[in-house]
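Have a look at the structure below, then the notes.
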Amino acid sequence: MHGQPLYSSTVALEQSLARQIAARRCEVRRRTSPQFSEACQPGFFKAYAGNTNCSKCPPHCFSYGEGAAICRCETGFFRAERDPPSMACTRPPSSPRNLLFNLNDTSLILEWSPPSDTGGRRDLTYNVQCKRCGPEPDQCQFCEEELRYLPRQLGLTNATVTVMDFSAHANYTFEIESLNGVSEMSSFPHPVAIVTVSTDQGGPSLVGTLKKDWASPNSIALSWQQPEQTPQGILDYEIKYYQKEHEQLSYSSTRTKAPSVIISGLKPATWYVFSVRTRTPAGYSSYTPKYEYKTTGDSSDIASDQGQVLVIVTAAVGGFTLLVILTLFFLITGRCQWYFKAKMTSEEKRTNYQNGHVPFPGIKTYVDPDTYEDPTQAVHEFTKEIDPSRIRIERVIGAGEFGEVCSGRLRTPGKKEIAVAIKTLKGGYVERQRRDFLREASIMGQFDHPNIIRLEGVVTKSRPVMIVVEYVENGSLDSFLRQHDGHFTVIQLVGMLRGIASGMKYLSDMGYVHRDLAARNILVNSNLVCKVSDFGLSRVLEDDPEAAYTTTGGKIPIRWTAPEAISYRKFSSASDAWSYGIVMWEVMSYGERPYWEMSNQDVILSIEEGYRLPAPMGCPVALHQLMLHCWQKERSHRPKCTDVVSFLDKLIRNPSSLLSLVEDIQSLPESPGEEMDFISIGDWLDSIKMSQYKSNFMAAGYNTLDSVARMSIEDVRRIGVELIGHQRRISSSVQTLRLQILHEQEKGFHV
Ligand code: ACK
């Protein structure tokens, strides 16, 4: 673990608290020490001979005789090689709990809760063992290398693993064992949780050889023969690929209905491994054997591939016109882009994918309005012009960057009048402002999803210019949650998160990267349905008061943004996943500001050092784990929106999985030691800006930090902290304190 305290409302103050602890401990040891050179009494030890003090044996250790140099561990407890003599003896953890699996078409996700007893250590890891069993229980064999595990099979630190490449019609038994630094010292078998999974999918036939048609520095085109006997018909093919040297890390996959595909977004001069399987109504086939192909390294290679591009394109599109073929040709070669930018229709622009995103055939793809030379054309294409006589403005509800935001009514002939929000462009604008204002409408107009704010239309032919969207009764999610602090059940909060994830899945499937996902940019209706809003790429960031300029010149909402997007503007659906994790945290803490009052610079440095936001008060373990998953440094390890949606669905279907709260599993060892007693409750409350409750703590008998660290949320309420926001802040700091004590315990105190 990290050698520094975890987040609290003031990390710096907590660091200073830690220093104070050490200094005070040193002083007290000096004051209370027995004669320097005396032999230690039973129950005490002195690791080094000479003028040092005798120390009390730490928990689960004993010394019977006098003059002990080390305390021995009680039966069943151990000291790992690197544990200092001052550290408590510890034991192996109990087994993982609540092991669940979720099997979908391509992967099996195993999830579990941490053991109820961590053995007093924090170096908890998990290993996965797999056996493949026949009909009889004694017909089991180890799965060997046939399966792939993400992030890995052994030494997992998070309580989840994704298993891939399993076969149809097989029974797999997975054992999850929990381990810590003393597990190997115990002669007892490692405790395991076991689950058996049947993959009873159909087994349609394999596709033929996978052939490379052409390659360029960033793309590879593949084709294959259709399976000969597929009576039920082929729904589509799934192509799995990964960079050869990253075999065990992650893979990407895409689908196509045709027996060919162009995979783009690849690195130049790099080997990739591909395999394909078919999907029929009966299920998936096995994958083909793996084929390795390399992208080309320079422009001469592309030239040699161009002829083949045309052939493939011709084959794929059949009767498409020469113009389209040439358009693709020029797009791929990068020539004459200005010409086609002006001439392309939206359908053709859909092939101009964002961030190398390869959409599934048939799924609508987002078109960047900036690819239109004349942005008004995009407005015409994606929005409906509304006659202003159909709009009745009722009242001003807020202020946007371009003008007032009003609520009102919209009449549509033959339909019921509806409530709308109307964004106006204030008078005296320049053309660039008009264009930026309407860009949001051109983006929104392409979306149609219950969790995305719906565009009704625009007014551009008269003044004021307006964007009319559905009215969402409860306004922005962040202020809504702050106003209703503590009012919702966990299931209601998870339902909101599920809606946001579903909206984000829709956006990422369309190839749209939001870049500014935050609770302030989500709107909530009267049924608590959350709708993602605020579209407009760079404009959104200019508009966002949270966005700050980075050293690379961009304006970025630091607290919500993934490290790679802050450092080198690598925005992607994976960076949106990071922001989604922050939104989860905002929701579960009822609109608390992420990283509290830490400066942006401290946030960046802390994230870089590996720190992550702790669980908000009352947060189920499963949700905090999902947040941590979204905040993985390696962006390819973060969950996809589709995984998030199905995970949240599962939680909603099994509400009992939400019962285990983070504070429940962070229990303290029996005796955390005297060390924390030397920091006053007053100092601690000052550090979290809650000094007004000092007398409440004192009156209730909480006069040491050790006793405070054992408080539950209920205790915080009971001593008279009435404001929920304050309960939450104190509870969150109690958790940090608890982690700090555990951490100090683990290190042992060396003064
Ligand atoms: O937090 P709010 O009430 O929700 O204040 C802001 C304000 O306008 C400025 O953006 C509110 N707002 C924006 N769009 C909508 C909408 N579609 N429905 C209801 N309120 C909206 C937002």
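Quick note: the sequence shown uses full-length UniProt numbering, first residue 1, plus one each step.
Beta carbons: idealized from backbone N, C-alpha and C, even for Gly.
Fair warning: this is a prediction, and the values are worked out from it, not measured in the lab.
Cβ separation of residue i and residue j, assumed to be a contact under 8 Å, to the nearest whole Å
{"i": "arginine 435", "j": "leucine 425", "result": "With a Cβ gap of about 11 Å, arginine 435 and leucine 425 do not count as contacting."}
{"i": "glycine 119", "j": "threonine 90", "result": "5 Å"}
{"i": "tyrosine 291", "j": "leucine 210", "result": "4 Å"}
{"i": "lysine 531", "j": "valine 472", "result": "6 Å"}
{"i": "tyrosine 272", "j": "tyrosine 242", "result": "7 Å"}
{"i": "glutamate 470", "j": "isoleucine 453", "result": "6 Å"}
{"i": "asparagine 703", "j": "isoleucine 681", "result": "6 Å"}
{"i": "isoleucine 724", "j": "glycine 486", "result": "4 Å"}
Alpha carbon of residue i to alpha carbon of residue j, nearest angstrom
{"i": "arginine 593", "j": "glutamate 81", "result": "42 Å"}
{"i": "methionine 87", "j": "arginine 122", "result": "13 Å"}
{"i": "serine 687", "j": "lysine 650", "result": "39 Å"}
{"i": "glycine 720", "j": "methionine 711", "result": "13 Å"}
{"i": "cysteine 406", "j": "valine 468", "result": "10 Å"}
{"i": "glycine 610", "j": "serine 567", "result": "16 Å"}
{"i": "proline 616", "j": "methionine 588", "result": "6 Å"}
{"i": "asparagine 355", "j": "glycine 511", "result": "In this prediction, asparagine 355 scores a pLDDT of 37, lower than 50, which makes its location untrustworthy; the coordinate-derived value is nonetheless stated afterwards. Each residue's Cα considered, the two are about 8 Å apart."}
{"i": "alanine 193", "j": "glycine 581", "result": "28 Å"}
{"i": "valine 261", "j": "leucine 110", "result": "31 Å"}
{"i": "glycine 408", "j": "threonine 371", "result": "33 Å"}
{"i": "glycine 155", "j": "tyrosine 126", "result": "5 Å"}
{"i": "histidine 246", "j": "proline 639", "result": "18 Å"}
{"i": "valine 420", "j": "leucine 410", "result": "6 Å"}
{"i": "valine 621", "j": "serine 656", "result": "12 Å"}
{"i": "glutamine 483", "j": "leucine 528", "result": "14 Å"}
{"i": "phenylalanine 571", "j": "aspartate 683", "result": "42 Å"}
{"i": "histidine 624", "j": "leucine 99", "result": "17 Å"}
{"i": "valine 716", "j": "threonine 254", "result": "51 Å"}
{"i": "serine 732", "j": "proline 614", "result": "8 Å"}
{"i": "leucine 605", "j": "threonine 157", "result": "23 Å"}
{"i": "glutamate 66", "j": "glutamine 41", "result": "5 Å"}
{"i": "serine 198", "j": "phenylalanine 174", "result": "11 Å"}
{"i": "aspartate 448", "j": "cysteine 143", "result": "44 Å"}
{"i": "leucine 108", "j": "phenylalanine 382", "result": "39 Å"}
{"i": "methionine 598", "j": "asparagine 53", "result": "40 Å"}
{"i": "serine 55", "j": "isoleucine 176", "result": "39 Å"}
{"i": "residue 770", "j": "leucine 438", "result": "Residue 770 lies beyond the residue range present for the chain, which begins at 1 and ends at 751; the question has no answer from this structure."}
{"i": "proline 369", "j": "proline 151", "result": "38 Å"}
{"i": "threonine 561", "j": "threonine 642", "result": "20 Å"}
Three-state class that DSSP yields for residue i in the structure shown
{"i": "proline 557", "result": "coil"}
{"i": "methionine 584", "result": "helix"}
{"i": "isoleucine 652", "result": "helix"}
{"i": "tyrosine 172", "result": "strand"}
{"i": "alanine 69", "result": "coil"}
{"i": "serine 476", "result": "strand"}
{"i": "phenylalanine 45", "result": "strand"}
{"i": "threonine 412", "result": "coil"}
{"i": "leucine 658", "result": "helix"}
{"i": "isoleucine 607", "result": "helix"}
{"i": "cysteine 630", "result": "helix"}
{"i": "arginine 612", "result": "coil"}
{"i": "threonine 642", "result": "helix"}
{"i": "glycine 356", "result": "Reliability fails at glycine 356, whose pLDDT of 36 lies under 50, so the model's placement of it is uncertain and the value that follows must be treated cautiously. Correct three-state label for glycine 356: helix."}
{"i": "tyrosine 149", "result": "strand"}
{"i": "valine 367", "result": "coil"}
{"i": "threonine 376", "result": "helix"}
{"i": "glutamate 562", "result": "Looking at the sequence provided, one finds alanine at residue 562 rather than glutamate. Residue state, collapsed to three classes: coil."}
{"i": "serine 407", "result": "strand"}
{"i": "glutamate 184", "result": "helix"}
{"i": "aspartate 165", "result": "coil"}
{"i": "proline 620", "result": "strand"}
{"i": "serine 442", "result": "helix"}
{"i": "arginine 395", "result": "strand"}
beta-carbon residue i near ligand 3 non-hydrogen atom, thresh 7 Å
{"i": "valine 465", "result": "Within the structure as shown, ligand 3 is missing, the only ligands being ligand 1."}
| said: Ignoring anything shorter than 3 residues, give me the beta strand (DSSP E) runs that lie fully in the UniProt domain "Fibronectin type-III" (206-298), in order along the chain. | reply: Positions of the beta strand (DSSP E) runs, each at least 3 residues long and wholly inside the UniProt domain "Fibronectin type-III" (206-298), are given as 210-215, 220-224, 236-243, 252-256, 260-263, 271-280, 291-294 in order along the chain.
*In chain order, which alpha helix (DSSP H) runs of at least 4 residues are fully inside the UniProt domain "SAM" (676-740)?*
681-687, 694-699, 705-709, 713-718
task = Mind listing, in chain order, the continuous beta strand (DSSP E) runs of no fewer than 3 residues lying wholly within the segment 86-143?
result = 97-103, 107-113, 125-133, 140-142
Going along the chain, which unbroken runs of the beta strand (DSSP E) with 3 or more residues stay wholly within the segment 467-523?
none
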